[in-house]
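*Asks:* To convert, note that position 655 of the sequence shown is 655 in UniProt numbering; the numbers rise steadily by one, no gaps.
Even for Gly, the Cβ is constructed at its ideal location relative to N, Cα and C.
All values derive from a computational prediction rather than experimental measurement.
Before anything else, here's the structure in question.
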Amino acid sequence: MNAPPLPDSLPFGEASKAIDWKDAPLPPLVTFPPPFPFPPRTRVVRQGAWLVNYIPSNTTNVAYDGTIRVETHGTGATRTASGDLYQRPVIMIPTLPVPFPPGAPRTIMLNAPNPSKGIPIQSRRRYRYYLRVTEILESFTLSNSFALGLQMWKYTAAADNTATWSNDGDFAATMKWMTPPANSGYPSASDYLEGDLLKAGAVVGRLKMGWVSESYRKATLEIDTVNGADRPLDSGAGQNWETVYKALGYDVTLDLSDTNVTEPSGDGWTDAEAHAAMMAHRDENNLDVEWRYHMLAVKKLDSTSRGILYDWDATDSNKVPREGVAIAANYVFESAPDPANGIPDWGPVKGKKFSTVKAAYFRAAVHEMGHAFGISRHNTVNTGFMNTTDAIARAASSTPATPFPKNILWDYADDDRKKLRHWSDMFVRPGGIVFGGASNTTPPITTDDEIEVPELKLEVTALLSEVPLGAPVRIDVKLTNTSEAPMLAPRDVGLRSACMTGFVQDASGKVRTFRPLVHCVDSIDTAVLEAGESIAGSMTLLRGAEGALFPSSGVSQIILKAGWDVGDCSVQATVTGKTTVFITDAHDMKHAAAAHKILTTPDAHLVLVLGGDHLEDGIKAIQQAVEDKTLGPHYAVVEAKRLAQSFEERCANCEEAKKLVEQKGVVASRKEKAKLVRLFQKHEHAQGKRQNGIREALKQEEKNKKK
1 MNAPPLPDSL
11 PFGEASKAID
21 WKDAPLPPLV
31 TFPPPFPFPP
41 RTRVVRQGAW
51 LVNYIPSNTT
61 NVAYDGTIRV
71 ETHGTGATRT
81 ASGDLYQRPV
91 IMIPTLPVPF
101 PPGAPRTIML
111 NAPNPSKGIP
121 IQSRRRYRYY
131 LRVTEILESF
141 TLSNSFALGL
151 QMWKYTAAAD
161 NTATWSNDGD
171 FAATMKWMTP
181 PANSGYPSAS
191 DYLEGDLLKA
201 GAVVGRLKMG
211 WVSESYRKAT
221 LEIDTVNGAD
231 RPLDSGAGQN
241 WETVYKALGY
251 DVTLDLSDTN
261 VTEPSGDGWT
271 DAEAHAAMMA
281 HRDENNLDVE
291 WRYHMLAVKK
301 LDSTSRGILY
311 DWDATDSNKV
321 PREGVAIAAN
331 YVFESAPDPA
341 NGIPDWGPVK
351 GKKFSTVKAA
361 YFRAAVHEMG
371 HAFGISRHNT
381 VNTGFMNTTD
391 AIARAASSTP
401 ATPFPKNILW
411 DYADDDRKKL
421 RHWSDMFVRP
431 GGIVFGGASN
441 TTPPITTDDE
451 IEVPELKLEV
461 TALLSEVPLG
471 APVRIDVKLT
481 NTSEAPMLAP
491 RDVGLRSACM
501 TGFVQDASGK
511 VRTFRPLVHC
521 VDSIDTAVLE
531 AGESIAGSMT
541 LLRGAEGALF
551 PSSGVSQIIL
561 KAGWDVGDCS
571 VQATVTGKTT
581 VFITDAHDMK
591 HAAAAHKILT
601 TPDAHLVLVL
611 GGDHLEDGIK
621 AIQQAVEDKT
631 LGPHYAVVEA
641 KRLAQSFEER
651 CANCEEAKKL
661 VEQKGVVASR
671 KEKAKLVRLF
681 QKHEHAQGKR
691 QNGIREALKQ
701 EEKNKKK
């Protein structure tokens, strides 16, 4: 997805050149203008959020409202500014039925946001422009005006929470300080300006701006907690949610909500169960009137150790991305380092429960919220918020005087801070652009540099080269270090790895993308791959950002890309691999009906990835496919995995699961087979413990009888 560039920091002039005054001519006599008031009045463009109204010329019932965020640097000699515009709502009022025939309905434009309420929250459907400010008053002026330059990047939304951006051009305005309209509600009457907006020298509209808040953005963070788990509230050393977000320039309201969330099936939570809990427990859910993020503090997470943004794509059953994160309070820091598996030497915290190490626990919660704000890459440039817990602990080995977690930097890296302050609203707000869809280049910020790594070979092989319409395509992936030296590489090459992305190109040239399914765990994504060593994985592909990946028959090419940060995160290493599959036509009407259901039911993909019982439409589509003789072998393992996992109050049904996969011709990847084996073993272990418990109870009962 193309996206507009972030604004540059605008320098305050140039340093004066040295002059040899001995040889310099005398200056001419100067005629002074009439005296000005003393002391002279200096004006600045105040830091914070400015409410902006833009009314285009020669239009009726069209206006835009939003904010411009002004950030000052250092002593205030430079500024960075950006903004967003939403189209003001228009309603239609029908006319009376008499006289007959009635006239045309009247259209009325609603009022602009009220400045007295501070930073406005507007409907996502009304978002129209990102403003990249290219010129603004840098320091101060004695004048009553300043020159404003900006680019307007038009936003065009797609149904899948992606978008395209187009630059409508460069605009300029001379903004003049004036008194705001009476009773308008602006909190500072001396910080209000208006001016005509020009494009290529011609007036195209009127621009108004008035300061409304010291913060750049505002949001609400709701924290729900499982009974017996600890809330992540502070570091134990002065840092808390208020101090973290005040330093960022965010006005965040903390809503400490439920403390008695019931565990669905034991201590461990699946990603689907976390999302279902968010839907059930969050206090509000209208993201068009409030930026509300949800955090769930649980005892244990099934898919990762410490924390995760579970609500962004595959886990996102309500199709609203980046609402929820979860953190595991009862994770225990390993007692011994295991570099091969990414476990560092935890130093003084080894063997301790996560939530008892308050600094590490709270930092991980802030880290996951950074992902909810749209930051997708782990930033290894320092030990700040967007690095991972294990990487920060590993860095402490070189600073023995400040062991982990004392070596945590309680701040965002410079580039992450700039993103959170100046990215488009749609990249940051919950329910905006899908996770991983934010860009630094469109709207522009910096170049996304990539370097290829020829020493690493990525092999992609289709499990079946011919696949029936409606079936998932399963591929095996292998990454090999062909060099004679160790190399940094992705730790995992499956669809749970933050490093893996790809696209499918069909015979017509149409491209459809896919990304990691569940993303942003609090652990590092890379590891050292020794010379000649390989790592293997598998993927089951069905849907991507643009819908079904294989919606029609014919040859499709699958291109897989691994990308990971190197150095200071300014460069990303990449390696690609590809394969082809042939999608066959429907064999009969029953197959056609089942394929139609699968291809038009997005939740079928979520059931494939997550299982669970809460996605009824997806389950029905999967079960219809299982009953079809053509698609049944391809979906038997999907339904078996769902049945073999307990969900909330339902117990695992491994007997039915085994019946499904014992049928002839069942298609399954290595990863799916391994997952089923683990589920069956877990069930058998639990059954064995249960049988042992029954035997012990019977023995005790016999002893009691003898007494």
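Please look up how many angstroms separate the CB atoms of PRO405 and ALA462, rounded, as I've assumed it's under 8 Å.
*Replies:* Contact check for PRO405 and ALA462: beta-carbon distance about 45 Å, past the 8 Å limit, so the pair fails to qualify.
*Asks:* Please determine if the region 353-367 and the region 235-245 are in contact, where contact requires at least 3 C-beta pairs separated by less than 8 Å.
*Replies:* Touching, yes, given that three or more Cβ pairs across the two stretches are closer than 8 Å.
*Asks:* How many Å lie between VAL511 and GLU546 at the Cα?
*Replies:* 9 Å
*Asks:* By the three-class DSSP mapping on this structure, what secondary structure does PRO5 have?
*Replies:* strand
*Asks:* For the 8 Å Cβ check, are there 3 or more pairs between the region 290-303 and the region 321-336?
*Replies:* yes
*Asks:* Under a Cβ-count criterion, where at least 16 other Cβ atoms within 10 Å of its own Cβ denotes burial, should MET152 be classed as buried or exposed?
*Replies:* buried
*Asks:* Given a cut-off of 9 Å, decide if PRO120 and SER184 are closer than it, judged by their beta-carbon atoms.
*Replies:* Not closer than 9 Å, so no.
*Asks:* Whole angstroms are fine: how far does the CA of MET539 sit from the CA of GLY494?
*Replies:* 6 Å
*Asks:* Beta-carbon separation of LEU420 and TYR250 under 9 Å?
*Replies:* yes
*Asks:* Spell out the partners DSSP gives THR480 in its beta bridges.
*Replies:* By DSSP's assignment, THR480 forms a beta bridge with LYS457 and SER534.
*Asks:* Spatial neighbours of ASP425 within its chain, please: CB distance less than 6 Å, with the 5 preceding and 5 following residues excluded, ordered by chain position.
*Replies:* ASP84
*Asks:* I believe VAL212 touches ALA49 by the beta-carbon criterion, under 8 Å. Please report the beta-carbon distance rounded to the nearest angstrom.
*Replies:* Confirmed, about 6 Å.
*Asks:* With respect to the alpha helix (DSSP H) encompassing ALA586, which residues constitute its N-terminal and C-terminal limits?
*Replies:* No alpha helix (DSSP H) contains ALA586, which DSSP labels as neither H nor E.
*Asks:* Provide the residue span of the beta strand (DSSP E) that contains TRP177, from first to last.
*Replies:* 163-177 is the span of the beta strand (DSSP E), which, as asked, contains TRP177.
*Asks:* Pop quiz: THR259 and THR225 are said to be a contact at Cβ under 8 Å. What is the actual Cβ separation, rounded to whole angstroms?
*Replies:* 5 Å
*Asks:* Report the option in ALA536, GLY470, ILE375 and PHE514 whose CA atom is closest to the CA atom of LYS457.
*Replies:* ALA536
*Asks:* Quick check on the DSSP output: the beta strand (DSSP E) that includes SER513 runs from which residue to which?
*Replies:* The amino acid occupying residue 513 in the given sequence is Thr; Ser does not appear at that position. That run of the beta strand (DSSP E) goes 511-514.
*Asks:* Starting from ASN343, follow the alpha helix (DSSP H) in both directions and report where the run begins and ends.
*Replies:* Checking the sequence, you will find Ile at residue 343 rather than Asn. Annotation for ILE343: no alpha helix (DSSP H) segment contains it, and DSSP assigns it neither H nor E.
*Asks:* Among LEU643, GLU662 and PHE514, which one has its Cα closest to the Cα of residue 732?
*Replies:* Nothing in the structure corresponds to residue 732, since the chain is present only between 1 and 707.
*Asks:* Report, in whole angstroms, the separation of the C-beta atoms of ALA644 and ILE622, which I expect to be a contact under 8 Å.
*Replies:* Taking the Cβ atoms as the reference, ALA644 lies roughly 14 Å from ILE622, outside the contact range of under 8 Å.
*Asks:* How many whole angstroms separate the CB atoms of GLY374 and MET386, which I take to be in contact at a CB cut-off of 8 Å?
*Replies:* No, GLY374 and MET386 are not in contact; Cβ-Cβ is about 11 Å, not under 8 Å.
*Asks:* I'd like to know if the region 623-640 and the region 662-673 are in contact, where contact means that at least 3 CB-CB pairs between them fall below 8 Å.
*Replies:* Yes, since at least three Cβ pairs between the region 623-640 and the region 662-673 fall closer than 8 Å, the two stretches touch.
*Asks:* Taking just the CA atoms, how far does LEU529 sit from PRO486?
*Replies:* For PRO486 and LEU529, the distance between alpha carbons rounds to 6 Å.
*Asks:* Using 8 Å for Cβ pairs, my map puts LEU676 next to ALA640. What's the rounded Cβ distance?
*Replies:* 6 Å
*Asks:* Can you tell me whether DSSP reads ALA360 as helix, strand or coil?
*Replies:* Helix at ALA360.
*Asks:* Which same chain residues, not among the five before or five after ASP506, have their C-beta less than 7 Å away from its C-beta?
*Replies:* Contacts found: SER552, GLY554 and SER556.
*Asks:* Mapping DSSP to helix, strand and coil, what is LEU150?
*Replies:* strand
*Asks:* Run through the DSSP bridge pairs and tell me what GLN87 is partnered with.
*Replies:* Partner residues in the beta bridge of GLN87, as assigned by DSSP, are TYR64.
*Asks:* Starting from ARG132, trace the alpha helix (DSSP H) in both directions and tell me its first and last residue.
*Replies:* No alpha helix (DSSP H) holds ARG132; the beta strand (DSSP E) holding it covers 127-135.
*Asks:* Identify whether PRO633 lies in helix, strand or coil by the three-state DSSP scheme.
*Replies:* helix
*Asks:* For ALA548, which residues in the same chain have their Cβ closer than 6 Å to its Cβ, ignoring the five residues on either side in sequence?
*Replies:* LEU599
*Asks:* Find the nearest neighbour of PRO5 within the set THR574, ARG231, TRP269 and THR134, judged by alpha-carbon distance.
*Replies:* THR134
*Asks:* Quickly, what does DSSP pair MET109 with across the bridge? List them, please.
*Replies:* VAL90
*Asks:* Hey, could you find the ends of the alpha helix (DSSP H) GLN623 is sitting in?
*Replies:* 616-627
*Asks:* Could you compute how far the alpha carbon of TYR64 sits from the alpha carbon of THR402?
*Replies:* 51 Å
*Asks:* By DSSP, does ILE308 sit in helix, in strand, or in coil?
*Replies:* strand
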